[in-house]
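According to the numbering used here, the stretch in the first sequence is residues 9 to 487, in order.
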Amino acid sequence: MKPLIVWFRQDLRLADNPALTAASAKGCPIVALYVLDENKDMPWTLGAASKVWLRASLQSLDRSLKQLGGSLTIRIGRTQDTINQLVNETGANAVYWNRCYEPSFIERDAAIKSELKAYGLEVQSFSASLMYEPWEYKTRTGTPFKVFTPFWKSLIAKGKPTDPTPAPTRLTFHPVNQGPNLDNLRLLPPKSDWPKSIQASWSPGESNGKNQLCRFLDQGLGGYADLRDRPDLSHCSSLSPFLHFGEISPRQIWQATVSQMAAFRNGSLDRDGWAFLREIAWREFSYHLLFHFPELPDVAWNRKFNSFGWIEDHKFLSAWQKGQTGYPFIDAGMRQLWHTGWMHNRVRMVAASFLTKHLLQHWTKGEKWFWDTLVDADLASNSASWQWVSGCGFDASPYFRIFNPMLQGQKFDPDGSYVKQWVPELSNLSSKYLHAPWEAPSSVLATAKVTLGKTYPHPIVDHKAARLRALEAYRAIKT
DNA sequence: TTTTGAGTTGTTCGA
DNA sequence: GTCGAACAACTCAAA
9 MKPLIVWFRQ DLRLADNPAL TAASAKGCPI VALYVLDENK DMPWTLGAAS KVWLRASLQS
69 LDRSLKQLGG SLTIRIGRTQ DTINQLVNET GANAVYWNRC YEPSFIERDA AIKSELKAYG
129 LEVQSFSASL MYEPWEYKTR TGTPFKVFTP FWKSLIAKGK PTDPTPAPTR LTFHPVNQGP
189 NLDNLRLLPP KSDWPKSIQA SWSPGESNGK NQLCRFLDQG LGGYADLRDR PDLSHCSSLS
249 PFLHFGEISP RQIWQATVSQ MAAFRNGSLD RDGWAFLREI AWREFSYHLL FHFPELPDVA
309 WNRKFNSFGW IEDHKFLSAW QKGQTGYPFI DAGMRQLWHT GWMHNRVRMV AASFLTKHLL
369 QHWTKGEKWF WDTLVDADLA SNSASWQWVS GCGFDASPYF RIFNPMLQGQ KFDPDGSYVK
429 QWVPELSNLS SKYLHAPWEA PSSVLATAKV TLGKTYPHPI VDHKAARLRA LEAYRAIKT
């Protein structure tokens, strides 16, 4: 029997993996392939933090496959060539994969599909990383959605997503030259300790994703509707990187959450559960937007923003990246990002608003930094969210919605424990002044061993002045 | 086709 | 401290 290639991409799991399930049902020997393609002619190649995550995930997937008697075959190179080569090498007569929705991948995969079919191979692609395909959502007039709430209603109206399928228990593997091992992939930057703190913060892989979901449903979901906004607490699902790499699927999350709500039959948990499912739907919405507006990562949806008064100022950008803006809530977030590859969602919004509005830096600069430093970097969510925050995307977000970093800090990190964790040089400062140290009397600063401009920076911009400047810039492109 | 209601996440000011 | 109004006006989606 000729082998079938199962091409893994952003679906690094065995359960609820339609391509793998279909391959298993066919009963022929498989080659489980992952291709690392760092070709520079593809836009948005993996960021540094994503590579750190990916390395551990590939290792985990390989272990799971070994338990089934096989292993993961990894190849490096231009995707098209690599697959062709493997087809020749193994004599495979079929290739299966689960779909990706990044514009450049759609184009590439379509080309691969037609080329392989022209050679007489059987090629099938499946739906694994969304609850419904982006083209399955339509308004009454047949257009794509541009507003979340109607999109959400349409998702709900479709009823329950398909139940996830279990992992295949039986697979046969076609023997194949395994290619490079993980270390040869160079997924970790040489001579840098930076990945270590990220590695210490996470346990990637399918089984860890499942555990994380269980832990969240058990301990985080209760109170989620209100407490998910608190970076000082642990009510986030922390599933975003698992979702991005497909170590868990939205269908699995949906089903588990609904069962949890049903098991407890309690109105307050229902509210929390639906609030969580809405967040899952936001991811789906971002994919819907990216599919229908493929320029989303690069071009402002609202073309008026082409003439917006962005400022070129590397010092601003660099201070923001390093968490040295002098605004503790922002700095805490940016340092959490650097150290863990992840930032709490509320803080992401405030930090992104600060970069684009207080510092008037182009939204794509923040987008690129997040792309490189987030372990959950996802083209759809990242692009859509930066456009949303900076006001040039979808949603009629009023331009005067400018987050006040002190107020946000007081509201969502009331005793300052989040700031203290990530900005330790302020850890002796009383919570009263923690979100605005420059307002503390000098005696208080002295007691806390804080010297502004020395141990911690002065605010890089004055909030009130920066806010007015941003409002002025937004007003200027209104007409 | 036209009309109508609504749109993730906020802040400031003044009473 | 709390509360409501103002911040503007536009586009989307459905009736």
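We put the CB at the ideal spot given by N, CA and C, even for glycine.
query	result
Range of the contiguous beta strand (DSSP E) that encloses residue 104	102–106
Beta-carbon proximity list for residue 314, same chain, < 8 Å, skipping 5 on both sides	308
The beta strand (DSSP E) enclosing residue 180, as first and last residue numbers	No beta strand (DSSP E) holds residue 180; DSSP gives it neither H nor E.
Residue interval of the alpha helix (DSSP H) (run including residue 232)	232–235
Same chain only: Cβ atoms within 8 Å of residue 198, ignoring 5 sequence neighbours per side	none
Residue 245, enclosing beta strand (DSSP E) - first and last residue	Here residue 245 belongs to no beta strand (DSSP E), and DSSP marks it neither H nor E.
For residue 130: DSSP bridge partner residues	102
Contact the segment 118–129 vs the segment 144–162: 3+ CB pairs below 8 Å	no
Unbroken beta strand (DSSP E) run spanning residue 15, endpoints	12–16
Simplified DSSP assignment, three categories, for residue 114	helix
Minimum C-alpha distance to residue 478 - residue among 363, 423, 254 and 438	363
Residue 383 vs residue 350 beta-carbon contact at 7 Å	yes
Straight-line Cα distance separating residue 119 from residue 91	12 Å
Span separating the alpha-carbon of residue 200 from that of residue 146	47 Å
Distance, residue 185 Cα to residue 210 Cα	31 Å
Pick from 276, 275, 274 and 282 that is closest to residue 261, judged by C-alpha positions	282
Span separating the alpha-carbon of residue 230 from that of residue 268	11 Å
Alpha helix (DSSP H) runs contained entirely in the segment 378–438, provided each spans 4 or more residues	387–398, 413–420 and 425–430
Helix, strand or coil at residue 20 according to DSSP, with G and I counted as helix	coil
Range covered by the beta strand (DSSP E) that runs through residue 475	Premise fails: residue 475 lies in the alpha helix (DSSP H), 471–484, not in any beta strand (DSSP E).
Cβ pair residue 221, residue 264 closer than 7 Å	yes
Proximity winner among 170, 76 and 93, relative to residue 177 (alpha-carbon distances)	76
Residue 137 versus residue 25: straight-line alpha-carbon distance, rounded	9 Å
Three-state secondary structure (DSSP) of residue 444	coil
Euclidean distance between Cα positions of residue 35 and residue 106	19 Å
Where residue 379 falls, given that 16 or more other Cβ within 10 Å makes a residue buried	buried
Segment limits, alpha helix (DSSP H) that includes residue 223	214–223
Endpoints, beta strand (DSSP E) assigned at residue 295	Unbroken run through residue 295 is the alpha helix (DSSP H), 275–300; no beta strand (DSSP E).
Sufficient close CB pairs (3 or more, under 8 Å) joining the segment 61–75 to the segment 93–104	no
Selection from 23, 432, 365 and 117 that minimises the alpha carbon distance to residue 72	23
Short Cβ contact (7 Å threshold) for residue 44 with residue 13	no
Check whether residue 203 and residue 193 have beta carbons under 7 Å apart	no
Reduced DSSP category for residue 460 - H, G, I as helix; E, B as strand; rest coil	strand
Given 8 Å, three or more beta-carbon pairs between the segment 424–432 and the segment 335–353	yes
Supposed close pair residue 341, residue 355 - CB separation, criterion 8 Å	4 Å
CA nearest to the CA of residue 365, picked from 412, 381 and 346	412
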